[in-house]
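The structure appears below as structure tokens.
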Amino acid sequence: MCMRVLLAHGQIVVRRDLRALIEARENFEVCAETSNGPDAVELALQHQPDVAILDIALPIMDGIEVTRQIRKETRRTEIMIFAMRDSTDKIFDALEAGARGYVFKSEAGDRIVEAIRTLARGGAFFSSRADHIANAFNAVEPQFDSHPTALTIRECDVVRLIAEGKSNKHIARLLDISVKTVETHRSSSMRKLSVHSTAELVRYAIRCRLILP
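The working numbering applies: residue -14 is where the sequence shown begins, and numbers increase by one.
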């Protein structure tokens, strides 16, 4: 079965390189390409590709809004965001919009082909740097206030650093406190928020924008 791909990126050089990479594989076809967001939506609806690769910074309409627009009209096409930089806020927004893949340019190459194949078969694919955000997003959503007012300033610091993937030892060094104190703040935060896993704690940090972009 041929896997049909839509490319939407503002830079023609990037589109050319991605097309060459994709079409060098057997049973892969780039069915359409564009340099801007509105055209990406139109082409996705017209061609119904298996996978759309969207530059997060598309002109006129960015990749996240394009994802939302495509998702409103069809579930036929899976969406992969192609990004230059690591931004927790952007990863989370892309997932909320309906993207099932997130790949960084620095990790492109064969990873792009692997991602296309995975998405076309109904799976999800995330660069290693986006993995813990995706895991948190897909966790069971806890019930908590949308503002971090229940936590002390120090607890917010600890929760933010946990959400950024740092270990207790690393957090202790950064905040100049003991590992035991970090564990105490973690436990206290989880109790106050009525969450029961690190994934839920990360989700809280994302929802309340405790994580720095």
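We put the CB at the ideal spot given by N, CA and C, even for glycine.
Neighbourhood of residue i by C-beta distance below 6 Å, restricted to the same chain and skipping five residues each side
i      : result
A17    : L(-9), L28, H32
R(-11) : E14, C16, P34, D35
I49    : D78, A79, A82
When the options are compared against residue i, the one with the closest alpha-carbon
i      : options                : result
A135   : M175, I97, N153        : M175
F13    : F77, R102, V88         : R102
I55    : S173, D24, S172        : D24
E63    : V187, V180, M69, D35   : D35
E168   : K177, S179, K154, H181 : K154
R171   : I147, L159, R192, L160 : I147
S163   : S182, V143, R10, A105  : V143
M(-14) : R106, I(-3), L186      : R106
Cβ-based burial, residue i [other Cβ within 10 Å; buried from 16]
i     : result
D95   : exposed
T59   : exposed
V125  : In this predicted model, V125 has a pLDDT of only 41, less than 50, meaning its place in the structure is not dependable; the value taken from the coordinates is given anyway. So V125 counts as exposed.
G108  : exposed
K75   : buried
H(-6) : buried
R158  : exposed
I38   : buried
Which of helix, strand or coil DSSP assigns to residue i
i    : result
M175 : helix
C16  : strand
L195 : coil
D40  : strand
E50  : helix
I45  : coil
L136 : coil
G83  : coil
Close beta carbons around residue i, own chain, < 8 Å, minus the five adjacent residues each side
i    : result
K177 : A135, L136, E140
E99  : F110
Pairing CB atoms from the segment 71 to 90 with CB atoms from the segment 1 to 8, are three or more of them under 8 Å? Remark: fewer than three beta-carbon pairs, one from each stretch, lie closer than 8 Å, so the segment 71 to 90 and the segment 1 to 8 are not flagged as touching.
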